[in-house]
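A short worksheet on the structure shown next.
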Amino acid sequence: MEVSCKKPVSRFREVIQATKRVVRDPRFESLCGNLDVEGFKKRYNFLYENELPAEREELQKQLKKTKSPKEMGEIKSRIAWIDKQLKESAKHTDAAILAGHKKREREATKQGKKPFYLKKSEIRKQRLIKKYHSLKEEGKLEAFIEKKRRKNASKDHRYMPYRRTSHGGQED
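Sequential numbering from 1 applies to the sequence shown in the UniProt record's numbering.
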């Protein structure tokens, strides 16, 4: 159908407005429930314990093989992200140790004892103890200790002085 050119066209276009869709972010909606941080940690702990370290090792191998600078950059950024995630999980274990200690101390102060505040070295010791117990349960403690011993031996070897020559600075 043709429109007559004698009828003047209005200056303002009449458009039927469609209702605007409301965008909802499930992270901030009360309808989606509340985030249970402890439950999340328990459910997805296997990622931090097994998957991410394995992926990091695989990426390290790929990094040694690749020649392309673009791929190397991508792999390095992925490794950095994994390191950050693993560091965060280590902070969570420290926080769990600290929370357990605070809980015990609160109960001790209720009984009239003086509070004892953990030093960073004590937190480190407790983290190491926790790690040793978990390795012992998995049966990987011996391998871990052997690896640590070799690492320390190579460090010590690095700082050993070189053998002196018997001919006043000249070698045969």
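Beta carbons are placed, not taken as given, at the ideal position from N, Cα and C, and that holds for glycine. Note that this is a predicted model, so its numbers are computed, not measured.
Check, Outcome
"DSSP three-state assignment for Ala90, whether helix, strand or coil", "helix"
"Per-residue DSSP class, three states only, for Leu35", "coil"
"Unbroken stretches of the beta strand (DSSP E), 3 residues or longer, contained in the region 59-106", "none"
"Whole-Å CB distance - Ile82 paired with Gln60, under 8 Å assumed", "Not a contact, Cβ separation roughly 10 Å."
"When Phe144, Glu49, Tyr117, Tyr159 are compared against Glu88, the one with the closest alpha-carbon", "Glu49"
"Environment of Asp172 [buried if 16+ CB atoms lie within 10 Å]", "Confidence at Asp172 is low in this model, with a pLDDT of 47, below 50, so its placement is unreliable and no value can be given for it."
"C-beta atoms of Phe116 and Glu107 nearer than 8 Å", "no"
"Three-way DSSP call (helix, strand, coil) for Gln17 in this model", "coil"
"Whole-Å CB distance - Gln17 paired with Leu52, under 8 Å assumed", "About 49 Å separates the two Cβ atoms, so there is no contact after all."
"Ile97 classed as buried or exposed, judged by whether at least 16 other C-beta atoms fall within 10 angstroms", "buried"
"Backbone secondary structure at Glu52 - three-state DSSP", "For the sequence presented, residue 52 should be read as Leu rather than Glu. Here Leu52 sits in helix by DSSP."
"heavy atom of the ligand NAD below 7 Å from Ser77 C-beta", "Among the ligands in the structure shown, none appear at all, so the ligand NAD cannot be discussed."
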